[in-house]
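The sequence shown begins at 21 in this note's numbering and counts up one residue at a time. Here a beta-carbon is modelled for each residue, glycine too, at the ideal position from N, C-alpha and C. All values derive from a computational prediction rather than experimental measurement. The block underneath contains the structure these notes are about, expressed in structure tokens.
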Amino acid sequence: IAPNRKKRAKTQDGRPLRRYRRRWKVERLFAWLQNFRRLVVRYEFHAENFLAMAQLGCIMILLRLIMR
């Protein structure tokens, strides 16, 4: 969601909002997880199996980052 710059309120302590930096990291992870068809289509019937596949996808992403 793009913030409206005219109506953007500053924080009380004057520091910029930091949640957008963290949100970008989460959105990037979701984009990387979209490369795994099993997570996009959701073949798994049980939630535990889907969670296991999501964890496996995160592990594979971390391994790719480490192997660079």
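Practice task
Work out the CA separation of Gly77 and Tyr63 for me, nearest whole Å.
Solution key: Straight across, the Cα-Cα distance linking Tyr63 with Gly77 is about 14 Å.
Handout entry: Short Cβ contact (8 Å threshold) for Arg73 with Leu59
Key = The sequence shown places Met at residue 73, rather than the Arg named in the question. Contact check for Met73 against Leu59 passes: the beta carbons are separated by less than 8 Å.
Handout entry: Three-state secondary structure (DSSP) of Glu64
Key = Coil at Glu64, not helix or strand.
Problem - Test item: CB-CB of Trp52 and Ile81 under 8 Å - result: A contact, by the Cβ cut-off of 8 Å.
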